[in-house]
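Chains as they are written, first to last, in this note's numbering: chain A, 1 to 629; chain B, 1001 to 1329.
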């Protein structure tokens, strides 16, 4: 349950990183895409608009130049000497000369008309009834009354200046219906200003319509021209407008002279109108662009931006997944290693290299695991050492050898009729056994320990008869304090062995107990031969080559040997066994209480040896750091 | 891990390539195709018929507007019905998406049109109807209404008690039937005996001329003539001019040929009912496109007509209608 949660949480790290990066990339890519798309579009649009403005103004300029040309023709005709004379002197010219005049004026008009190929008609309608054209063979439309024509009347209204018509069908010539632009003006006497008639100059409208039809503004854009009254001069979709199949914003066009505006038609398409007004005619040339077409290949640009953005997003998101995976993977591995440690596997190392924080973390983790491993091993070793010591302690208490010797002594005393001694020995043996067996506790009171050693010494004294003497001098105030059990016996045994056994005159063993400062000191004195300097130094050294070194390896070997044989190492010499016993006491104390405590050997003045046992003050049921180990 | 990264990178590359390759396909899927294949089968593609040239101009403007590229085919002569059937057959073989058909005959093109419809080709008829229900729409001048306009004008011009004659072109032709219907409807308030039986010029001006001559000679109380198409009008107009009877016999005609306009200016023809072929062509394509792009289309779409009298000729709107092409092509 707990592990599942951990798993989900770790997985969420990758998800979070991926998600965060993806969102970041998405927003950035989208933003940049939109921004650059908008920018491109605006730039292209601006280009298109500028192009349209230039185009429209060029068209307007060339139309103006046509009109100028027509006006030049009209001026030339109006100022022509023959024309002037023909009308001024009409009443006085001889009838025979009139025809000659007519022919010459016609020829003149014809010449003038040829200055441009697109002049379709030059006509003078004189007030004297004379009608002169650039081609004498032209016959006039019988259905037409010249003076009723719009061009005639407007020229009359604006005497002396040129009037330009909108595009219209000219029906003056019989059998001809031609779309033209008509410029008309009165013919005036340059001196008196008297009006002699009206002249018109027609220009083929195809000149303008072809020009406009040739120009395309995008696929569907177009140009049109309206005159100041709003009538259409040219519009490619004129019929549709008249039938209301299409809207045109002529009113809005008339509202402005130059500039542009945009309008949305019924079918929701935006059009952009670019207007340029001629000062010459007041005609407005209008370029119409479809907004959707302004950007010529808008769809392509859109597509490329869209796909480009999408592609970058996909790539970036994949990279985000990769990055987040790379980031979270070592964390996941570290976590699984930690779980393994949690379950007790300390033989693990995390294989994460890298100089980042996670690499540091992994290295620290590895170091930690190694330390834990060492601690665990040391702990296990110490535990084993303790157990082994206990076994040895037990084994040290009463060996079968000792029992045999004691029993042998009892038999010997019984045979000798020494009942008192027998009773005393058996009683001591019984007490000794009780103290050895009865207490499962590690620690016992000094009182019990003293009783134990007293019993032991009593038995030994009976065995060695008068060669051994002993005394116990323990401060009664310390009797209740706790000590590891069986710590005195190996030392006393050692004292007897070294101090008394080989001394023919016998010896005395003294056990003292006192409190010194914060320590309890138990002392075993003997007055024997004394240990040599070398012996005293090496007896507590586990590396001592002299005898069985109680090192870890050999110690456990000894243990194994004990287990195998199922008995005490009887084959080993008492001397060797004794040495091990002493060292064992020392180590047990140190294991329990630390390195401040243990055994201390020193010479007892001139003869003999003193072994001091340094112990902490441990009250019954009182806690001591060593006790809780 | 290393192999996993390699797979991801490989995937990205594959993706890039796939996107590059698939781009046109995806594009086509995202934006609906605009390359609809539209064929227009005209009654005639000859240069002599101004009416059809203007229809064509309307078709071209609409084609630009609605982004289609129609192929325009048709026989050289309007009368060549067999040739039109043959052309339509060839067009069907090419399996276009839609056909805009100006049928030269009410009945004879029906089997071919039905074959096209069976192939899933959208059919819209233009100008002249087809005796079939396969066309999704019919775009034409409202000839009944045009007839009413002509009839009302002659009714206005001819005093009560005078007879009115109708010169039609070809019996059984849809335009002839509808226009006559309209004219008779407009004249229904008049004495029925004074609305004469219909004469047929067979679409020839000479025959119309003869009919008019005969009418002038044999019908003493003749008050006016309605001619239902261009050739009938021209023939009748010439007869009235030649016999100098146009001042007392008003003539109302149809269409807008150069000669008819001259007659109108001179008063030989009192009024002309003029169709709007440009609009017809434009609406024909618009309807086809609407049908192809899944928008609903009306089964009949009428373009209007205008009655033009002498004084209207050079007004801004009418002159554009009467003189649609700036220069004769």
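Virtual Cβ for every residue (Gly too), placed ideally from N, Cα, C.
Source: prediction; values computed, not measured.
Is the beta carbon of residue j closer than 8 Å to that of residue i?
i, j, result
"residue 1113 of chain B", "residue 1132 of chain B", "yes"
"residue 1150 of chain B", "residue 1140 of chain B", "no"
"residue 1250 of chain B", "residue 1166 of chain B", "no"
"residue 62 of chain A", "residue 240 of chain A", "no"
"residue 1158 of chain B", "residue 1224 of chain B", "yes"
"residue 631 of chain A", "residue 229 of chain A", "Because residue 631 of chain A is not part of the residues shown, which for chain A are 1 to 629, the question remains open."
"residue 446 of chain A", "residue 517 of chain A", "no"
"residue 376 of chain A", "residue 402 of chain A", "no"
"residue 1179 of chain B", "residue 1208 of chain B", "no"
"residue 449 of chain A", "residue 488 of chain A", "yes"
"residue 1182 of chain B", "residue 1143 of chain B", "yes"
"residue 482 of chain A", "residue 444 of chain A", "yes"
"residue 204 of chain A", "residue 180 of chain A", "yes"
"residue 601 of chain A", "residue 585 of chain A", "no"
"residue 140 of chain A", "residue 174 of chain A", "yes"
"residue 67 of chain A", "residue 82 of chain A", "no"
"residue 301 of chain A", "residue 40 of chain A", "yes"
"residue 95 of chain A", "residue 1265 of chain B", "no"
"residue 406 of chain A", "residue 463 of chain A", "yes"
So who's on the other strand from residue i, going by DSSP bridges?
i, result
"residue 616 of chain A", "A:519"
"residue 277 of chain A", "A:284"
"residue 610 of chain A", "A:525 and A:602"
"residue 82 of chain A", "The partner list for residue 82 of chain A (beta bridge, DSSP) is empty, contrary to what the question assumes."
"residue 271 of chain A", "A:263 and A:290"
"residue 170 of chain A", "A:178"
"residue 1039 of chain B", "B:1071 and B:1099"
"residue 1190 of chain B", "Partner(s): none; residue 1190 of chain B has no beta bridge."
"residue 1199 of chain B", "B:1167"
With respect to the beta strand (DSSP E) encompassing residue i, which residues constitute its N-terminal and C-terminal limits?
i, result
"residue 599 of chain A", "598-603"
"residue 261 of chain A", "259-264"
"residue 199 of chain A", "195-204"
"residue 133 of chain A", "131-133"
"residue 1166 of chain B", "1163-1168"
"residue 504 of chain A", "First-last for residue 504 of chain A: undefined, no H or E at that position."
"residue 1114 of chain B", "Where residue 1114 of chain B is concerned, there is no enclosing beta strand (DSSP E), although the alpha helix (DSSP H) it sits in stretches over 1110-1118."
"residue 138 of chain A", "Looking at the DSSP string, residue 138 of chain A is not in any beta strand (DSSP E), and its letter there is neither H nor E."
"residue 90 of chain A", "That residue, residue 90 of chain A, is in no beta strand (DSSP E); it is neither H nor E in DSSP."
"residue 1125 of chain B", "1122-1126"
At what residues does the alpha helix (DSSP H) containing residue i begin and finish?
i, result
"residue 531 of chain A", "Residue 531 of chain A -> no alpha helix (DSSP H), and no H or E assigned at all."
"residue 1051 of chain B", "1050-1066"
"residue 1153 of chain B", "1143-1157"
"residue 151 of chain A", "150-157"
"residue 1090 of chain B", "1081-1093"
"residue 1136 of chain B", "It is not in any alpha helix (DSSP H) - residue 1136 of chain B carries neither H nor E in the DSSP assignment."
"residue 1319 of chain B", "1316-1322"
"residue 1261 of chain B", "1258-1266"
"residue 1175 of chain B", "1174-1186"
Alpha helix (DSSP H) runs wholly inside the region 407-489 of chain A, at least 4 long, in chain order: 419-438 and 446-464
Write down every uninterrupted run of the alpha helix (DSSP H) in the region 209-254 of chain A whose length is 4 residues or greater and which is fully enclosed by it, in chain order. 238-242
Is the region 1168-1181 of chain B in contact with the region 1237-1251 of chain B, if contact means three or more CB pairs nearer than 8 Å? no
Validate contact between the region 1286-1297 of chain B and the region 1094-1108 of chain B using beta carbons, cut 8 Å, 3 pairs: yes
How do the region 1071-1083 of chain B and the region 250-259 of chain A stand: do at least 3 beta-carbon pairs fall below 8 Å, yes or no? no
Contained beta strand (DSSP E) runs [length at least 3] in the region 102-129 of chain A, N- to C-terminal order: 119-126
If you scan the region 1204-1256 of chain B from start to end, which runs of the beta strand (DSSP E) of 3 or more residues do you find wholly inside it? 1222-1227 and 1251-1254
Mind pulling the beta strand (DSSP E) runs of 3 or more residues that sit fully within the region 1270-1314 of chain B? 1271-1275, 1300-1303 and 1305-1309
If contact is defined by three or more beta carbon pairs under 8 Å, each pair taking one atom from either stretch, is the region 466-481 of chain A in contact with the region 411-425 of chain A? no
Could you tell me whether the region 114-132 of chain A touches the region 211-226 of chain A, using the rule of 3 or more Cβ pairs below 8 Å? no
Check whether the region 1300-1316 of chain B and the region 1270-1277 of chain B touch, using three or more Cβ-Cβ pairs below 8 Å as the test. yes
Examine the Cβ distances between the region 482-500 of chain A and the region 527-541 of chain A and report whether three or more of them are shorter than 8 Å. yes
Taking one C-beta from the region 182-192 of chain A and one from the region 83-91 of chain A each time, how about it: are there three or more such pairs within less than 8 Å? yes
Counting Cβ pairs, one atom from each stretch, are 3 or more of them under 8 Å apart for the region 1180-1192 of chain B and the region 1210-1222 of chain B? no
Are at least three pairs of beta-carbons, each pair with one atom in the region 149-160 of chain A and one in the region 129-141 of chain A, less than 8 Å apart? no
Looking at C-beta atoms only, is the number of pairs between the region 47-59 of chain A and the region 269-279 of chain A that lie closer than 8 Å three or more? yes
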